[in-house]
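Just below is one structure, and these are the notes that go with it.
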């Protein structure tokens, strides 16, 4: 089974609107971390936000928030007030356990912000 | 200050050649990684080193050989380059292998084109 699933290959959003990018994960380890990265057309991978499995509250970083639903094993990224510069590929990733070294990445979602 | 740097940024070469990509991190991290991103943007882990010790060695052709002279450097040497090796290669680092809360930081990527 895939560790990380991103089911939206492409998404469009109007500028200034909010958008949710979906991510579901699969793990039996109670300790895990979930990460979102942004890859603009320039190619670099930019870390956006982190959520730990024991965190009681959803993570937020500026306009980014993570809608963490543990029972559903989902960790959706919410971008509020979309800007043209948000157009990029977005990757969800997971790391398991206290000694797990592997980061598992999803296939990514391409977001296009429409003016 | 660049946290994770890679050289070269672009690499265009002929089939059959041997090439190396260098990676350095100044974050004081113990663990470094090599990823390959194909034309469909899929990120595949190739190798990971922790304190110069190889800890992840995914199924990649043995033409690919990583070398870690110290924990701040992880180089990738590729022998007998093939057309299918054309991709973006990312170096990344994280604090260590002891916790799922540790974020992974990426270098800018090396765009390899094999002609």
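Protein chains in written order, with the working numbering: chain G, 1 to 115; chain E, 1 to 115.
Note that beta-carbon positions come from the ideal geometry of N, C-alpha and C, so glycine has one too.
All of these numbers come straight from a predicted model, not from anything done at the bench.
Mind listing the chain E neighbours of residue i? Cutoff is C-beta to C-beta under 9 Å, in chain order.
| i | result |
| --- | --- |
| residue 105(G) | 35, 42, 43, 44, 45 |
If you reduce the DSSP assignment to three classes, tell me which class residue i lands in.
| i | result |
| --- | --- |
| residue 115(E) | coil |
| residue 55(G) | coil |
| residue 48(G) | strand |
| residue 84(E) | helix |
| residue 96(E) | coil |
| residue 27(E) | coil |
| residue 70(E) | strand |
| residue 116(G) | Because chain G is modelled from 1 through 115, residue 116(G) falls outside the range shown and cannot be assessed. |
| residue 85(G) | helix |
| residue 12(E) | strand |
Name the chain G residues that come within less than 7 Å of residue i, Cβ to Cβ?
| i | result |
| --- | --- |
| residue 88(E) | 43 |
Can you list the residues of chain G that residue i reaches, using a CB-CB cut of under 9 Å?
| i | result |
| --- | --- |
| residue 160(E) | Nothing about residue 160(E) can be reported from this structure: the residues present for chain E run from 1 to 115 only. |
| residue 105(E) | 45, 47 |
| residue 64(E) | None at all; the shortest Cβ gap to chain G is about 18 Å. |
Please classify residue i: is it buried, with 16 or more other beta-carbons within 10 angstroms of its beta-carbon, or exposed?
| i | result |
| --- | --- |
| residue 95(G) | buried |
| residue 109(G) | buried |
For residue i, go through chain E and note every residue whose CB falls closer than 8 Å to its CB, in chain order.
| i | result |
| --- | --- |
| residue 91(G) | 43 |
| residue 97(G) | 100 |
By the criterion of Cβ-Cβ separation under 7 Å, what are the contact partners of residue i in chain E?
| i | result |
| --- | --- |
| residue 108(G) | 41 |
Residues of chain G with CB under 8 Å from residue i, in chain order?
| i | result |
| --- | --- |
| residue 55(E) | 101 |
Return the residues of the segment 55-69 of chain G that lie within a Cβ-Cβ distance of less than 7 Å from chain E, sorted by chain order. Taking 7 Å as the upper bound on Cβ-Cβ separation, chain E lies near no residue of the segment 55-69 of chain G.
Please list the residues of the segment 22-55 of chain G that have a C-beta atom closer than 7 Å to any C-beta atom in chain E, keeping them in chain order. So the close ones are 31, 32, 33, 35, 43, 44, 45, 47, 50, 52.
Would you call the segment 78-94 of chain G and the segment 24-40 of chain G touching, i.e. three or more CB-CB distances under 8 Å? Enough Cβ pairs lie closer than 8 Å, so yes.
Give a yes or no on contact between the segment 100-108 of chain E and the segment 49-69 of chain E, applying the rule of three or more CB pairs nearer than 8 Å. Result no; under three Cβ-Cβ pairs closer than 8 Å.
Residues in the segment 7-39 of chain E having any Cβ partner in chain G nearer than 7 Å: Residues of the segment 7-39 of chain E with a C-beta atom less than 7 Å from some C-beta of chain G are 31, listed in chain order.
Any contact between the segment 5-23 of chain E and the segment 72-88 of chain E? By contact I mean 3 or more CB pairs, one from each, below 8 Å. Yes, since at least three Cβ pairs between the segment 5-23 of chain E and the segment 72-88 of chain E fall closer than 8 Å, the two stretches touch.
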